[in-house]
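The block underneath contains the structure these notes are about, expressed in structure tokens.
There are 2 protein chains.
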Amino acid sequence: MNVPGQAISPSCMDCPIRHRAVCARCEADELAALESIKYYRSFEAGQTIIWSGDKMDFVGSVVSGIATLTQTMEDGRTQMVGLLLPSDFVGRPGRSGAAYDVVATTDIVMCCFRKNPFEKMMADTPHIAHRLLEMTLDELDAAREWMLVLGRKTAREKIASLLSIVARRDASLRPTATHGPMVFDLPLTREAMADYLGLTLETVSRKMSALKRDGVIQLEGKRHVTVPDMSRLMEEAGDDADGGVFA
Amino acid sequence: MNVPGQAISPSCMDCPIRHRAVCARCEADELAALESIKYYRSFEAGQTIIWSGDKMDFVGSVVSGIATLTQTMEDGRTQMVGLLLPSDFVGRPGRSGAAYDVVATTDIVMCCFRKNPFEKMMADTPHIAHRLLEMTLDELDAAREWMLVLGRKTAREKIASLLSIVARRDASLRPTATHGPMVFDLPLTREAMADYLGLTLETVSRKMSALKRDGVIQLEGKRHVTVPDMSRLMEEAGDDADGGVFA
DNA sequence: CGTAACCTTGAAGCCGATCAAACGTCGTGG
DNA sequence: CCACGACGTTTGATCGGCTTCAAGGTTACG
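As you go down the protein sequences, you meet chains A and B in turn. Residue numbering for the first sequence follows this note's numbering, starting at 1 and increasing by one per position. Residue numbering for the second sequence follows this note's numbering, starting at 1001 and increasing by one per position.
Quick look at the structure:
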């Protein structure tokens, strides 16, 4: 029974996000239980995965690809409030309605669980609940860092902040040396960048050009970015160049 | 042994935040265990409770009073990233360093737990972990709503958004009829409002005057606010006047 | 009464938004 | 093959909202 848009489930043990997703802390038997209630869904770039206000009957993890979380005002102004990368969790246990639009920006594969069985399992499986708490606290920190970007940074600093976040997260996914020039692909259009940064797409374009002109970044095509000096980029972002102090 | 700045612990059963704080789901025996590791601390208005980067040896709940969570850039720009009201939780289990400054804006009483015993208890007490997850998810939603305010709203809309949030939260604390004019005290200076909204204090002042001139709010002194028509205020905030759709 | 903290108001300037036009790339169909 | 249009992007010109700088007002408290 292979419905279009769904795929046969590979084993959790081979899952690329096994050690980072909501199931990261699970033992073999717990994984087996999860495996029995999971299913995969694929979405194409541009597809809306969840509409704000709709009833949500599943929760799940991004396996591969990228999605965005956005809010829209009645007059059409939109603000991105989250960027969903592989291993990130979608949906809120305990609430039936979706609060935001979730849109695939690339082709994407999600590992889904029907909401009720998942909630039941969460109640019995502290490993899942704890991991979800940990991930939610991380997301809260990320959201708060973003509030500083939105509220207090200039357009140039906003762009530099976005680039440095994407660069760092990209580096954390692939096993690369941490210094030397960083190279990555921007997964976002200029418009999506603008929605993330609280700017217009024209301003994003102008500031990207300015950063290129000033040698902070190099561009190949519209999306392929090279950062010759990461600490320079972090300075431009208004962050301490020596990384935040966390423990 | 009554150290200045600490008070004798009243019973959890009489606690004003008993049903909303991190302990809300606890049974009598769990409360008793919590009671044995808790202690109260008081802070005066203006005092910094926790410095960003410092080691945090406790977590806790706001019992009464108001505090703010702020981030500061090297050049002094600051952004408030959270407003802590009675029952709100401070501190992150699993992390030793504080990520933000926590400052008392009014005199405040906190119910504190030393971090290690609390973490141990959390591991054994699903009621606590679940409630904390629930509260963290709520905070994440609030942070994301605030990202829309910071990124896409005009100064006037920002002020109206802040006023409507304070008004609604105030209403939820006292058992008042939900319509008719709303009256409340702003717990924030113009500067604190500016830090919350990503504005300057001058702009806050001007827009407050404008909302008053236009009859959206009435002011008695600088802090005492009357909202004759709540739905009018919500329109000014750019929100749907009929309340968000949640379930 | 005097001072300090907080707030209001005014004038000028700048940053980012808005409006507008043109460019490059890609896929489609004549 | 090339014309065409759709889409994403770049760049220019102008406008306006918010910040900045500055001065004066209000309130509380010694």
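Even glycine gets a Cβ: it sits at the ideal position worked out from N, Cα and C. Every value quoted in this text rests on a predicted model; they were computed, and no experiment measured them.
Beta-carbon separation (whole angstroms), residue i vs residue j, contact threshold 8 Å
i         : j         : result
LEU199/A  : ALA155/A  : 6 Å
ARG92/A   : LEU1137/B : 6 Å
CYS12/A   : PHE58/A   : Their Cβ separation, rounded to whole angstroms, is 17 Å, which puts CYS12/A and PHE58/A out of contact at 8 Å.
ASP1098/B : MET1056/B : Asp is not the amino acid found at residue 1098/B; the sequence shown has Ala there. So it is a contact: roughly 5 Å between Cβ atoms.
PHE184/A  : VAL225/A  : 6 Å
ALA1129/B : HIS127/A  : So it is not a contact: roughly 11 Å between Cβ atoms.
ALA1192/B : MET1080/B : 7 Å
TYR100/A  : GLN71/A   : 6 Å
Range covered by the beta strand (DSSP E) that runs through residue i
i         : result
ILE1017/B : That residue, ILE1017/B, is in no beta strand (DSSP E); it is neither H nor E in DSSP.
ILE1220/B : At residue 1220/B the sequence reads Glu, which differs from the Ile that was named. GLU1220/B -> beta strand (DSSP E) spans 1218-1220.
ARG114/A  : 108-114
ASP101/A  : 101-104
MET1080/B : 1078-1084
VAL62/A   : 58-64
Three-state secondary structure (DSSP) of residue i
i         : result
ALA45/A   : coil
LEU1069/B : strand
PRO1004/B : Because PRO1004/B carries a pLDDT of 44, less than 50, the predicted location of this residue cannot be relied on, and no value is offered for it.
VAL1022/B : coil
GLY1243/B : For GLY1243/B, the predicted structure reports a pLDDT of 48, less than 50, and the residue's modelled location is therefore unreliable. The matter cannot be settled from this model.
Pair within 8 Å by beta-carbon distance, residue i and residue j
i         : j         : result
LEU1069/B : VAL1102/B : yes
ALA143/A  : ALA1237/B : no
VAL204/A  : ILE165/A  : no
SER1061/B : ASP1029/B : no
LEU148/A  : TYR196/A  : no
LEU85/A   : ARG169/A  : yes
SER133/A  : LEU1034/B : In the sequence under discussion, the amino acid at residue 133/A is Leu, which differs from the Ser named in the question. Going by C-beta atoms, LEU133/A is not nearer than 8 Å to LEU1034/B.
THR106/A  : GLY53/A   : no
ARG1223/B : LEU1186/B : yes
LEU1140/B : GLU74/A   : no
ILE1049/B : PHE1043/B : yes
ILE1037/B : ARG1095/B : no
LEU150/A  : LEU1150/B : yes
LEU182/A  : ALA194/A  : The sequence given here has Met at residue 182/A, not Leu. No, the pair does not count as a contact, with Cβ atoms beyond the cut-off.
ILE1017/B : VAL1090/B : no
ASP190/A  : LEU201/A  : Residue identity check: residue 190/A is Arg in the sequence provided, not Asp. Yes, the pair counts as a contact, with Cβ atoms nearer than the cut-off.
MET135/A  : VAL22/A   : yes
For residue i, the first and last residue of its enclosing alpha helix (DSSP H)
i         : result
SER1164/B : 1155-1173
GLY97/A   : From DSSP, GLY97/A is part of no alpha helix (DSSP H); its letter is neither H nor E.
PRO10/A   : Run containing PRO10/A: none; DSSP gives neither H nor E here.
SER1036/B : 1028-1037
GLY151/A  : 126-152
3-residue-minimum beta strand (DSSP E) runs that sit fully inside the region 176-240 of chain A, ordered along the chain = Runs found: 182-185, 218-220, 224-227.
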